[in-house]
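Here the structure comes first, spelled out in structure tokens, and everything after it is commentary.
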Amino acid sequence: MPIQFDSETGIFQIDTKNTSYQMKVDDKKNLIHTYYGAKIDADDLYKELFMIDRGFSGNPHDVGKYDRTYSLDVLPQEYSCFGTGDYRITGLHVQEDNGARVASLKYEKSEIYEKLLGIPGLPAIYNDTENKCYTLSIFLKDYANGLSVELRYGVIEELDVITRSAIIRNEGTKKVYLLKAASMNLDFQFGDYDFITFYGRHAMERNVSRSEIHHGVQSVGSVRGTSSHHYNPFSIICDKNATEQTGECYGFSFVYSGEFLMEAEKDQADQVRFICGIHPDDFKWVLNPGDEFNTPQVIMSYSDTGLAKLSQNFHHTIADHIVRGEWKHKERPVLINNWEGTFFDFNGDKLYNIAKDAKALGVDMFVMDDGWFGKRDDDNSGLGDWYPNEKKLGCTLKELGDKITGLGMRFGIWFEPEMISEDSDLYRAHPDWALIAPDRAPGLGRNQLVLDMSRDDVCDYILERMSDILSNAPISYVKWDMNRSISDKYSHRLDTEHEGELSHRFVLGVYIILETLHNKFPSVLFEGCSGGGGRFDAGMMYYTPQIWLSDDTDAICRTSIQYGTSFCYPISTVGAHVSVVPNQQAGRISPLSTRAAVAMAGTFGYELDITKMTDEDKESVIKEIKFFKEYYELIHEGNYFRLSTPKDIATAWEMAARDESEALVTVVYHGVEANPAPAHFKVYGLNPDKKYTVKYVGDTENAVEEKYQGHVYTGRTLAKAGITIAPALEEFGSYQLHITSKD
Ligand code: GLA
0 MPIQFDSETG IFQIDTKNTS YQMKVDDKKN LIHTYYGAKI DADDLYKELF
50 MIDRGFSGNP HDVGKYDRTY SLDVLPQEYS CFGTGDYRIT GLHVQEDNGA
100 RVASLKYEKS EIYEKLLGIP GLPAIYNDTE NKCYTLSIFL KDYANGLSVE
150 LRYGVIEELD VITRSAIIRN EGTKKVYLLK AASMNLDFQF GDYDFITFYG
200 RHAMERNVSR SEIHHGVQSV GSVRGTSSHH YNPFSIICDK NATEQTGECY
250 GFSFVYSGEF LMEAEKDQAD QVRFICGIHP DDFKWVLNPG DEFNTPQVIM
300 SYSDTGLAKL SQNFHHTIAD HIVRGEWKHK ERPVLINNWE GTFFDFNGDK
350 LYNIAKDAKA LGVDMFVMDD GWFGKRDDDN SGLGDWYPNE KKLGCTLKEL
400 GDKITGLGMR FGIWFEPEMI SEDSDLYRAH PDWALIAPDR APGLGRNQLV
450 LDMSRDDVCD YILERMSDIL SNAPISYVKW DMNRSISDKY SHRLDTEHEG
500 ELSHRFVLGV YIILETLHNK FPSVLFEGCS GGGGRFDAGM MYYTPQIWLS
550 DDTDAICRTS IQYGTSFCYP ISTVGAHVSV VPNQQAGRIS PLSTRAAVAM
600 AGTFGYELDI TKMTDEDKES VIKEIKFFKE YYELIHEGNY FRLSTPKDIA
650 TAWEMAARDE SEALVTVVYH GVEANPAPAH FKVYGLNPDK KYTVKYVGDT
700 ENAVEEKYQG HVYTGRTLAK AGITIAPALE EFGSYQLHIT SKD
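FYI, numbering that gives the first Met the number 0 numbers position 709 of the sequence shown as 708, with every residue one higher than the one before it.
As structure tokens, this is what we get:
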């Protein structure tokens, strides 16, 4: 059993394959955090705590008058509370009905389960694999106001994963307001760390920021209603010297698609505290007697062999324990989407012709993007009117779907369910369904308003419309978009006291619809989207196995976006398409082979008017699709390694088979030079003692000089000495190398 509790010493220890997590209930009944890191024995590390009398770090009443060394201001805790003398960032901030802002949690009891526990209404890891999973629940109690906090630790032993979440119950007799209810608190007593976070903007998401954790508070978060393009709900705390292959690192993925806050503070004693949860700025939850509040879950993992292993732990956790349903490990269709090919300017015939040409090249599915419903010839109107525009299509939706599926293809469709245009029949009928503060003109984003997803009548309408469309046409894919940040937070339904619940209730409403559709249409593949990657989080992946990565389809920008994304999210979740050049967002011209090689590090597809392609390019598309399908299993199920950063001479990445039999390396040069320096990379994840042949494959197979082909090395040599890559033959040229075991 990887979870142990010694009732005599009060020590809890959770062990995974390579890690240990230790806490202790001390003689004051406080739950103290004593260790998280590489696997250790269950020795009592409480003894290593350094307790001295620190001025202005007060002492709880129950430690006794003469002990000035025991202070919650410096002790490492499992779940810190505001108001009892801990002046660092804290996890729980409550206000009692009488106005007092104090919480004090004491250990009550614990329970251990040989399974994972779900969270009502929220996404969370689950298990249908052979991996052994467990849960530890620790119950803490505030005996003054009756608040109970259940701290939950889910364990996936094999993947070195421990999850954190909390359930806060009002077991008292009076109302309590939650002002901050974090999902986790993790205290580090020792060490110098860096904080790695992922920042961005629309069409340039998940750039990597790495900075020293200094004294004070550093944080990333979102108050935009969604997890956002601007900061991703994933972060890493690691050794200052940690690299891809060395050093200690801790990762935190918040399984939530709304407003979040991840904070790190270095305190007066050089300790680091990390807190993650729903953003408290616009959060105030009323907890009446008998009520409970479930916080979303955080997935944590630890590696002492660098960032590559940490990322792989997250990839496998998300692919195996977050993504659900029929499409979990099923080969995803290579799709063609008409958005960048036609934008709003299409009719049924035009779409059918694109589908027909795409089918001839090997594409599996045609996706009709924005513009098929209501009055929608640009992005200023129609959202909410989810009725097919038969006049524009020139036929019914079913007729179009039948024609496309008649080609032997799947048919997919775009929705933006959380939105409403001012110029729409829905808005004219239900102005109070939009988020608009009384007596104010609402802020616009893309000239649209946001629906109040906290309302059940709004959710019912969306469910009815989507179910009707999905039931009456042969649709096997839905792209679920969300194209603005939320402002003007006011629900016409909630009373004043409950308005502070709106942001979280909005997310819960979205999840209810997604969950209902997931169950009602199990064969439909859902792809998430929010202006590209504005809601690229593990919460959405519970409902949408893939998410459109970015509205920037330029191959070179994408190498950077995909690099940042890869720290947490597996390739199977990354929506990636080949588009035309010059690229419509960046203006860059890159070779078709490079655009394909980059899109293959994702779900793979095309987003252009294929009827306008030259015959030569069409030949390449046929080869690219064939290539992708041949390597599908390796690409989508293997172990992912970043071999460079996007700032190097080339961006390179690798997928290595989990059985170490083969690997596929992709190298994308950032430019061409006369008399160039070579790109050189180490190749990981192979058996040190086996011999492997290195072969250039794909579009560039015949282009490289003979001297680069067919080298044979052991896995050890590949990992320690590495290989030199043939120089680029053209601007933004790329190579794919297949490395196969000779045995
Ligand atoms: C968003 C999406 C695009 C496309 C448009 C349609 O920007 O990210 O892929 O679907 O909306 O309006």
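Virtual Cβ for every residue (Gly too), placed ideally from N, Cα, C.
| Asked | Found |
| --- | --- |
| Between glycine 444 and the ligand GLA, is the CB less than 6 Å from at least one heavy atom? | no |
| Would a C-beta distance cut-off of 7 Å place phenylalanine 292 and isoleucine 167 closer than the cut-off? | yes |
| Determine the contact status of aspartate 422 and serine 380, defining contact as a CB-CB distance below 7 Å. | yes |
| I'd like to know if the stretch 535-553 and the stretch 222-234 are in contact, where contact means that at least 3 CB-CB pairs between them fall below 8 Å. | yes |
| Does the ligand GLA have even one heavy atom less than 6 Å from the beta-carbon of aspartate 369? | yes |
| Give every residue of the same chain whose Cβ lies closer than 7 Å to the Cβ of leucine 44, excluding the five residues on either side of it in the sequence, and list them in chain order. | Gln21, Thr33 and Tyr34 |
| Decide yes or no for the touch test of the stretch 193-204 against the stretch 281-299: beta carbon pairs closer than 8 Å, at least 3 of them. | no |
| So does cysteine 528 have its beta carbon nearer than 6 Å to some heavy atom of the ligand GLA? | yes |
| Check whether the Cβ of tryptophan 338 sits closer than 6 Å to any heavy atom of the ligand GLA, and report yes or no. | yes |
| Within 10 angstroms of the Cβ of glutamate 156, are there 16 or more other Cβ atoms? Answer buried if so, exposed if not. | buried |
| Taking the C-alpha atoms as reference points, what is the distance between phenylalanine 345 and serine 571? | 30 Å |
| Quick one: is the Cβ of aspartate 376 within less than 6 Å of any heavy atom of the ligand GLA? | no |
| From alanine 575 to glycine 289, what distance separates their C-alpha atoms? | 47 Å |
| Can you tell me whether glycine 527 is buried or exposed? The criterion is at least 16 other CB atoms within 10 Å of its CB, across all chains shown. | buried |
| According to the neighbour-count rule (16 or more other Cβ atoms, all chains shown, within 10 Å of its Cβ), is aspartate 553 buried or exposed? | buried |
| Looking only at C-alpha atoms, which of Thr613, Ile624 and Glu618 sits nearest to glycine 604? | Ile624 |
| I'd like the span of the beta strand (DSSP E) that includes asparagine 638, first residue to last. | 638-641 |
| Please find out if some non-hydrogen atom of the ligand GLA comes closer than 6 Å to the beta-carbon of aspartate 467. | no |
| Quick one, which of Glu415, Leu434 and Leu501 has its alpha-carbon nearest glycine 530's? | Glu415 |
| Please state whether the Cβ-Cβ distance between lysine 179 and proline 75 is less than 7 Å. | no |
| By Cβ distance below 8 Å, which residues in the same chain neighbour asparagine 752 in space, the five residues on each side in sequence not counted? | Residue 752 is absent from the model: the chain starts at 0 and stops at 742. |
| Alpha carbon to alpha carbon, how far is leucine 121 from asparagine 701? | 51 Å |
| Can you name the residues that DSSP bridges to asparagine 336? | Val366 |
| Can you determine whether any heavy atom of the ligand GLA sits closer than 6 Å to the C-beta of glycine 381, and answer yes or no? | no |
| Buried or exposed for glycine 171, going by 16 or more other Cβ atoms inside 10 Å? | buried |
| Using only the heavy atoms of the ligand GLA, determine whether one of them is closer than 6 Å to the beta carbon of glycine 531. | yes |
| Mind reading off the beta-carbon distance from tryptophan 9 to aspartate 25? Whole number of angstroms is fine, and I expect it under 8 Å. | Note on residue identity: the sequence assigns glycine, not tryptophan, to residue 9. That belief holds up - the Cβ atoms of glycine 9 and aspartate 25 are roughly 7 Å apart, short of 8 Å. |
| DSSP on glycine 153, reduced to helix/strand/coil? | strand |
| Is the beta carbon of threonine 564 less than 7 Å from the beta carbon of proline 473? | no |
| Tell me whether alanine 268 sits in a helix, a strand or coil according to DSSP, three-state version. | coil |
| Quick check on histidine 635: buried or exposed, where buried means 16 or more other Cβ atoms within 10 Å of its Cβ? | buried |
| Which term fits threonine 610, buried or exposed, when burial requires 16 or more other beta carbons within 10 angstroms of its beta carbon? | exposed |
| When you compare only the Cα positions, how much space is there between valine 506 and tyrosine 230? | 17 Å |
| If you draw a straight line from the C-alpha of aspartate 742 to the C-alpha of alanine 673, how long is it? | 40 Å |
| Histidine 32 bridges to which residues according to DSSP? | Met22 |
| Is the closest heavy atom of the ligand GLA to the C-beta of aspartate 551 under 6 Å? | no |
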